[in-house]
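Residue numbers (the numbering used here): -14 to 473.
Everything below concerns the one structure shown next.
Here's what the structure looks like:
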């Protein structure tokens, strides 16, 4: 009953911990951690039933003991068949704990690689600003002037090295359209001819650290009166051009074949991850000048083009930290136009980290369950080892009377304890590798047989097993042979 009551408390605190991990950055938590009385009553009742069942089994076994064998000192035997079920449970606990520890290690390793992957853009000393789109009543001419003024005003904030504007910044949103190259025919949906695209101001690519590979970047000469140009990334070239084919000067359009000559490629930049940090879904990206406008006969296409000029992001490159910078940014926006409201200001690294919340939560949760399983295995091993030492007190006394020293006794007890752990490892490691194969599709650059992860799991279990068994081993080595021989 005490264990059940304590378990209910631990469960309640555990749920709050899980929610805090899952929604660590959220302003609104959609899950209520208030305990449900029916659920708690069920859990408490289940703990009582479990206690009765597992308490009755050894009591029933005890009623079938042979008094004559007990009086003759049956417990002096070195073979204790009665403890086999307990040892089997320890083996199962060890196997389960190694599976959970390895799983936590795989997820943690994957998370570390995701956090340190080359995103293709700079995050140091970069600030991301997410804003609400300008009012729909603003004309294109007004928006063009507003953007020039806003970019200039943000650049003049003390501590800001340069500023740029964009329809969206990395990992915030994604605009994707069907790409049709001029003279290449209309692709089908099965061709996977889509690409992400973004509208950016002059200096955006340089600010984000996306270096040129070919051609030129977006410059001041790309205005509303000049030809429509585009800068694409290397992923776009790999996807839409044959090997050795020069992309510079090529034309393409979006969605409809009659507009396949809308944009001319003038530059190629290094690929960057604008869509997905997991590495499973990285699309090519097209960058179009914010100052340019495409003209379409189709109303829907024209609406889409006009909509992309209502930007939602600004990025800054700063010289130092963000300390004291946010009030100045908000003041700059209000001075340019009070209708430009800011949704969020954060560093670019925080923006990247925010996309890994699910992976981080999974790794932390699996780690918690792994530690819990490890603790249960250690407690079980300690209990069984201490119980075995108690039952073998007379035997240990005889061994010491015949010349066994403390080191011999410690080794004997540890050998018996670690035999159970080794059997658990023999069972658990193949299962852990098999589970790693099952989740391999969700891992980033981590193999199911990662030696570092498996070694860490084995070492953790071995260390806990040693700590759990060394205490009863030391107690066994401290037995007084004379007193031990008098126990029966």
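Ideal Cβ positions, reconstructed from N, Cα and C, are used throughout, including at glycine.
Terminal residues of the alpha helix (DSSP H) in which residue 412 lies: 391 to 423
Three CB pairs or more closer than 8 Å across the segment 415 to 423 and the segment 356 to 374: no
Short CB-CB distance (under 8 Å) between residue 135 and chain C: Protein chains in the displayed structure number just one, and chain C is not present.
Local Cβ density within 10 Å of residue 306, reported as buried at 16 or more and exposed below that: Within 10 angstroms of the beta-carbon of residue 306 lie fewer than 16 other beta-carbons, which makes it exposed.
Distance between residue 344 and residue 235 (C-alpha atoms, nearest Å): Take the alpha-carbon of residue 235 and the one of residue 344: they are about 40 Å apart.
Residue 113 beta carbon less than 8 Å from that of residue 331: In contact: residue 331 and residue 113 (Cβ atoms closer than 8 Å).
Burial state of residue 458 (16 or more Cβ within 10 Å): It counts as buried.
Whether residue 149 touches residue 189 by CB criterion (8 Å): yes
Buried/exposed call for residue -2, threshold 16 Cβ in 10 Å: By the 10 Å Cβ count, residue -2 comes out exposed.
Those runs of the alpha helix (DSSP H) which lie wholly inside the segment 194 to 260 and span at least 4 residues: 219 to 225
Proximity to residue 322 [Cα-Cα], best of 237, 116, 109, 87: 116
Simplified DSSP assignment, three categories, for residue 172: coil
Backbone CA spacing between residue 370 and residue 69 [nearest angstrom]: 12 Å
Helix, strand or coil at residue 459 [DSSP, three-state]: helix
Where the beta strand (DSSP E) containing residue 373 begins and where it ends: First-last for residue 373: 342 to 376, but that is the alpha helix (DSSP H), not the beta strand (DSSP E).
From 194, 287, 257, residue whose alpha carbon lies closest to that of residue 221: 257
Simplified DSSP assignment, three categories, for residue 161: strand
Residue -6 and residue 442 closer than 8 Å at C-beta: No, the Cβ-Cβ distance between residue -6 and residue 442 is not below 8 Å.
Nearest to residue 40 (by Cα), restricted to the options -10, 52, 71: Per the Cα distances, 71.
Among 33, 135, 239, the one whose alpha carbon lies nearest that of residue 179: 239
Beta-carbon contacts of residue 6 that lie in its chain and below 6 Å, excluding the five residues immediately before and after: 346, 349
Spatial distance of residue 299 from residue 435 (CA atoms): 41 Å
CB contact flag (residue 232, residue 253, <8 Å): Inclusion of residue 232 and residue 253 in the CB contact set at 8 Å is warranted, their separation being smaller than that value.
Member of 168, 126, 281, 227 whose CA lies at the smallest distance from the CA of residue 209: 126
Close-in-space but distant-in-sequence residues of the same chain around residue 455 (CB under 8 Å, 5 per side omitted): 395, 399
Bounding residues of the alpha helix (DSSP H) (the contiguous stretch that carries residue 37): That run of the alpha helix (DSSP H) goes 22 to 48.
Close Cβ partners of residue 134 (< 6 Å) along its chain, the five nearest in sequence each way excluded: The answer, listed in chain order, is 321.
Expected contact under 8 Å - CB spacing of residue -4 and residue 352 to nearest Å: Not confirmed; about 18 Å, so no contact.
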